[in-house]
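> Quick one: the structure is below, questions incoming.
Number of protein chains: 2
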Amino acid sequence: MRVLLVEDEKELSRALSKMLTKDGYDVDCVFDGADGLNFAATGMYDLILLDVMMPKMNGFDVLSELRRKKLDTPIIMLTALSDENDKVLGLDRGADDYVSKPFSFNELSARIRAVLRRRGKLVSDNKLEYAEASLDLTTYVLSTPQGEIGLTAKEFELLRYMFEYPKFVAAKEDLILKAWGLNSEFESNNLEVYMSFLRKKLSHLGASFTIESVRGVGYRLAAKS
Amino acid sequence: MRVLLVEDEKELSRALSKMLTKDGYDVDCVFDGADGLNFAATGMYDLILLDVMMPKMNGFDVLSELRRKKLDTPIIMLTALSDENDKVLGLDRGADDYVSKPFSFNELSARIRAVLRRRGKLVSDNKLEYAEASLDLTTYVLSTPQGEIGLTAKEFELLRYMFEYPKFVAAKEDLILKAWGLNSEFESNNLEVYMSFLRKKLSHLGASFTIESVRGVGYRLAAKS
DNA sequence: TGCGAAACTTAAAACAATATTAAATTGCCG
DNA sequence: CGGCAATTTAATATTGTTTTAAGTTTCGCA
Numbered sequence: 000m001r002v003l004l005v006e007d008e009k010e011l012s013r014a015l016s017k018m019l020t021k022d023g024y025d026v027d028c029v030f031d032g033a034d035g036l037n038f039a040a041t042g043m044y045d046l047i048l049l050d051v052m053m054p055k056m057n058g059f060d061v062l063s064e065l066r067r068k069k070l071d072t073p074i075i076m077l078t079a080l081s082d083e084n085d086k087v088l089g090l091d092r093g094a095d096d097y098v099s100k101p102f103s104f105n106e107l108s109a110r111i112r113a114v115l116r117r118r119g120k121l122v123s124d125n126k127l128e129y130a131e132a133s134l135d136l137t138t139y140v141l142s143t144p145q146g147e148i149g150l151t152a153k154e155f156e157l158l159r160y161m162f163e164y165p166k167f168v169a170a171k172e173d174l175i176l177k178a179w180g181l182n183s184e185f186e187s188n189n190l191e192v193y194m195s196f197l198r199k200k201l202s203h204l205g206a207s208f209t210i211e212s213v214r215g216v217g218y219r220l221a222a223k224s
Numbered sequence: 000m001r002v003l004l005v006e007d008e009k010e011l012s013r014a015l016s017k018m019l020t021k022d023g024y025d026v027d028c029v030f031d032g033a034d035g036l037n038f039a040a041t042g043m044y045d046l047i048l049l050d051v052m053m054p055k056m057n058g059f060d061v062l063s064e065l066r067r068k069k070l071d072t073p074i075i076m077l078t079a080l081s082d083e084n085d086k087v088l089g090l091d092r093g094a095d096d097y098v099s100k101p102f103s104f105n106e107l108s109a110r111i112r113a114v115l116r117r118r119g120k121l122v123s124d125n126k127l128e129y130a131e132a133s134l135d136l137t138t139y140v141l142s143t144p145q146g147e148i149g150l151t152a153k154e155f156e157l158l159r160y161m162f163e164y165p166k167f168v169a170a171k172e173d174l175i176l177k178a179w180g181l182n183s184e185f186e187s188n189n190l191e192v193y194m195s196f197l198r199k200k201l202s203h204l205g206a207s208f209t210i211e212s213v214r215g216v217g218y219r220l221a222a223k224s
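These protein sequence lines are chains A and B, in that order. Everything in the first sequence is counted per numbering that gives the first Met the number 0, starting at 0 for the first residue and increasing by one. Everything in the second sequence is counted per numbering that gives the first Met the number 0, starting at 0 for the first residue and increasing by one.
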């Protein structure tokens with residue numbers, strides 16, 4: 000789940016980014032309205048968090064411009080004051096919700112889930128589901144009717160990506176990008192090693208799905224026959 | 000147990016703070032509605048005592064804003080007027096109880112306990128229970144069928160948080176927030192040190208539960224197998 | 001069927017997070 | 001001020017995770 004955070008206060012941005020990452024989102028940060036508009040317009044995000052008071056272009060204008068372009072990504076506005084006018088202005092222009100500063104992480108977290116759920120992006124409360132199994136995004140625990148098991152960080156990242164796009168073959172490069180990031184000059188067989196780890200845990204759990212490999216391309220989830 | 004007192008009359012504030020401290024609560028005092036909102040919104044308090052008549056922002060508005068933010072911390076309103084309208088207004092907006100001045104400390108004390116008990120934070124008579132163990136909130140004593148032992152302030156805060164949400168993994172940041180507050184730039188391994196202290200006391204007591212660590216996330220209580 | 005490339009498994013080494021312990025510091029109460 | 005308990009710091013030990021590396025198996029193709 001990819002989130003764009005448009006917020007010029009560096010400190011707040013860092014804190015939010017950290018919290019969102021912990022909640023299981025992939026976060027990109029930009030620091031002014033103009034960048035916000037450019038990045039958001041790509042349509043690659045599942046959610047946009049948009050500050051109102053920013054240099055170059057304020058949040059309302061970014062919002063209007065995005066909606067004029069028919070971008071339908073959910074947008075939550077972050078406003079400095081609980082000003083009723085701001086709220087109305089934002090919602091009128093097509094924001095999905097607004098959160099006024101100061102806010103607790105729990106509040107933001109709840110509103111994000113509410114918005115994503117409304118838009119059908121989330122299966123249920125911070126969990127991804129596939130074939131009777133569910134993956135908890137906060138505790139890294141994979142559960143099936145037969146039991147549950149904790150995953151390590153790398154195992155989790157890989158499985159999460161496959162849970163997000165269960166019908167597709169996840170390309171090896173994409174998986175490596177997700178779990179190890181950009182700079183990984185990948186010489187070793189690390190990915191295969193982790194797939195092995197995961198399969199061992201899946202069979203140990205008696206899961207009703209497996210990880211199939213597609214030679215030369217990558218991996219895919221498949222229900223057991 | 001951490002309490003936020005929002006009260007602009009300095010003298011009353013000091014007196015209440017002293018009494019609450021003596022009663023075993025950790026008290027933070029702020030003196031106007033705006034600060035009250037900021038502090039309360041962090042979610043770090045177990046109870047908020049909120050005066051109605053205050054500079055900058057009155058208690059009802061603070062209350063409304065907090066509830067809009069989905070903050071579920073119990074709130075008791077303090078007001079000079081024993082006006083039925085005020086009472087209704089407060090309760091409608093999500094206050095948990097209402098104490099009108101002048102009030103005796105015993106009355107306030109009783110209402111605080113009642114509110115906390117209602118919220119399921121207290122099992123009975125100021126105690127939290129988990130797996131045959133009970134934690135006394137006024138004396139910081141942890142008891143099991145095998146015996147009892149006193150906890151220090153920090154040990155107590157940490158264990159109490161885990162007793163309140165026994166099924167969940169308590170995130171390290173949340174635990175640090177509860178026991179050390181907001182501003183702690185945490186460099187050392189203090190949390191781990193205290194978990195070690197607690198585990199030593201638990202095993203010394205022969206408790207039927209343990210503190211499990213969830214690597215990269217936090218800690219959780221678990222019954223011994 | 002047999003060869004080479006790709007994928008799999010396993011064990012051990014390197015690394016990172018957490019646990020433990022002891023010593024140093026703080027802050028309170030007499 | 002001095003002593004005591006609580007807390008913090010710091011150094012070391014332990015445990016869990018990730019990476020490396022080597023040997024094995026599977027797959028597609030000639």
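Each residue gets a CB set at the ideal place from its N, CA and C atoms; glycine is no exception.
Rounded to the nearest angstrom, what separates B:F104 and B:M18 at their Cα positions?
Within the second sequence, residue 104 of chain B is the residue found at index 105, counting from 1. Within the second sequence, residue 18 of chain B is the residue found at index 19, counting from 1. Rounded to whole angstroms, B:F104 to B:M18 spans 8 Å at the Cα level.
> I want to see whether chain A comes within less than 9 Å of B:G58, judged by CB atoms only; does it?
Within the second sequence, the letter at position 59 stands for residue 58 of chain B. By this cut-off, B:G58 is not an interface position.
> How many Å lie between B:E106 and A:P144 at the Cα?
Position 107 of the second sequence holds residue 106 of chain B. Position 145 of the first sequence holds residue 144 of chain A. If you take the alpha carbons of B:E106 and A:P144, they lie about 50 Å apart.
> Name the chain A residues whose beta carbon is nearer than 9 Å to that of B:L70?
Translated into the one-based positions of the second sequence, residue 70 of chain B becomes position 71. Under the 9 Å cutoff, chain A gives S103, N105, E106.
> Out of curiosity, what's the CA-to-CA distance linking A:L46 and A:R1?
Counted from its first residue, the first sequence places residue 46 of chain A at position 47. Counted from its first residue, the first sequence places residue 1 of chain A at position 2. Looking at the two C-alpha atoms, the distance is approximately 7 Å.
> Given that a residue counts as buried once 16 or more other Cβ atoms are within 10 Å of its Cβ, and exposed if not, what is A:K166?
In the first sequence, the residue the question calls residue 166 of chain A occupies position 167. It is exposed - the Cβ of A:K166 has fewer than 16 other Cβ atoms within 10 Å.
> With H, G and I counted as helix, E and B as strand and the rest as coil, what does DSSP make of B:F30?
Numbered from 1 along the second sequence, position 31 holds the residue referred to as residue 30 of chain B. Here B:F30 sits in coil by DSSP.
> In chain order, what residues of the same chain lie with their CB nearer than 6 Å to the CB of B:L176, ignoring the 5 residues before and after it?
Indexing the second sequence from 1 puts residue 176 of chain B at position 177. Excluding sequence neighbours, B:L176 sits near M43.
> By the DSSP assignment, the alpha helix (DSSP H) with B:L176 in it spans what residues?
Within the second sequence, the letter at position 177 stands for residue 176 of chain B. B:L176 -> alpha helix (DSSP H) spans 171-179.
> Can you look up B:M56 in the DSSP assignment and give me helix, strand or coil?
Taking the first residue of the second sequence as 1, we reach residue 56 of chain B at position 57. B:M56 falls in the coil class under three-state DSSP.
> Listed in chain order, which residues of the region 191-202 of chain A have Cβ atoms closer than 7 Å to some Cβ of chain B?
The residues in question: there are none.
> If the criterion is Cβ atoms closer than 9 Å, does the pair A:V51 and A:L77 meet it?
As a first step, residue 51 of chain A is located in the first sequence; it is residue number 52 there, counting from the start. As a first step, residue 77 of chain A is located in the first sequence; it is residue number 78 there, counting from the start. In contact: A:V51 and A:L77 (Cβ atoms closer than 9 Å).
> Here's the rule: buried if 16 or more other CB atoms are within 10 angstroms of the residue's CB, otherwise exposed. What is B:P54?
Position 55 of the second sequence, counted from the first residue, corresponds to residue 54 of chain B. Label assigned to B:P54: exposed.
> Bridge partners for A:T78 per DSSP, in chain order?
For this step, residue 78 of chain A is matched to residue 79 along the first sequence. Answer is A:S99.
> Using a cut-off of 7 Å between C-beta atoms, extract the partners of A:T138 located in chain B.
Start at 1 with the first residue of the first sequence, and residue 138 of chain A comes out as number 139. Within chain B, the residues near A:T138 are V168, V213, V216.
> Count the other CB atoms, across all protein chains shown, that sit within 10 Å of the CB of B:E6; report buried if there are 16 or more and exposed otherwise.
Sequence index remark: in the second sequence, residue 6 of chain B carries index 7 (1-based). Buried, because 16 or more other Cβ atoms sit within 10 Å of the Cβ of B:E6.
> DSSP on B:S207, reduced to helix/strand/coil?
Within the second sequence, residue 207 of chain B is the residue found at index 208, counting from 1. B:S207 falls in the coil class under three-state DSSP.
> Comparing the C-beta of A:V98 with each C-beta of chain B, is any distance below 9 Å?
For the purposes of this step, residue 98 of chain A is taken as the residue at position 99 of the first sequence. Chain B, which has a Cβ nearer than 9 Å to the Cβ of A:V98, makes this yes.
> Going by DSSP, name the residue or residues bridged to B:A222.
For the purposes of this step, residue 222 of chain B is taken as residue 223 along the second sequence, with counting starting at 1. DSSP lists B:F208 as partners of B:A222.
> Chain A partners of B:N37, CB-CB under 8 Å?
Position 38 of the second sequence, counted from the first residue, corresponds to residue 37 of chain B. Result: P101.
> From A:G146 to B:A39, what distance separates their C-alpha atoms?
Here residue 146 of chain A corresponds to residue number 147 of the first sequence, with the count starting at 1. Here residue 39 of chain B corresponds to residue number 40 of the second sequence, with the count starting at 1. Taking the straight line joining both Cα atoms gives about 39 Å.
> Output needed for B:G180: all residues of its chain with C-beta closer than 8 Å, excluding positions within five of it in sequence on either side, in chain order.
Within the second sequence, residue 180 of chain B is the residue found at index 181, counting from 1. The residues are M43.
> I'd like the span of the beta strand (DSSP E) that includes A:L4, first residue to last.
Sequence index remark: in the first sequence, residue 4 of chain A carries index 5 (1-based). Element bounds for A:L4: 1-5.
> Put A:G35 into one of helix, strand or coil per three-state DSSP.
Taking the first sequence and counting its residues from 1, the one referred to as residue 35 of chain A is at position 36. It is helical.
> Let me see if you follow: with CB-CB separation under 9 Å, is A:K21 close to chain B or not?
In the first sequence, residue 21 of chain A corresponds to position 22, counting from 1. Cβ-Cβ to chain B under 9 Å: yes for A:K21.
> For B:K17, report the span of its alpha helix (DSSP H) as first-last.
In the second sequence, counting from the first residue as 1, residue 17 of chain B sits at position 18. Per DSSP, B:K17 belongs to the alpha helix (DSSP H) from 9-21.
> Go to A:Y129, then tell me how far its alpha helix (DSSP H) extends in each direction, as first and last residue.
For this step, residue 129 of chain A is matched to residue 130 along the first sequence. Where A:Y129 is concerned, there is no enclosing alpha helix (DSSP H), although the beta strand (DSSP E) it sits in stretches over 126-129.
> List the residues of chain B that A:G149 touches, going by C-beta distances under 9 Å, in chain order.
On the first sequence, position 150 is the one that residue 149 of chain A refers to. Under the 9 Å cutoff, chain B gives V213, R214.
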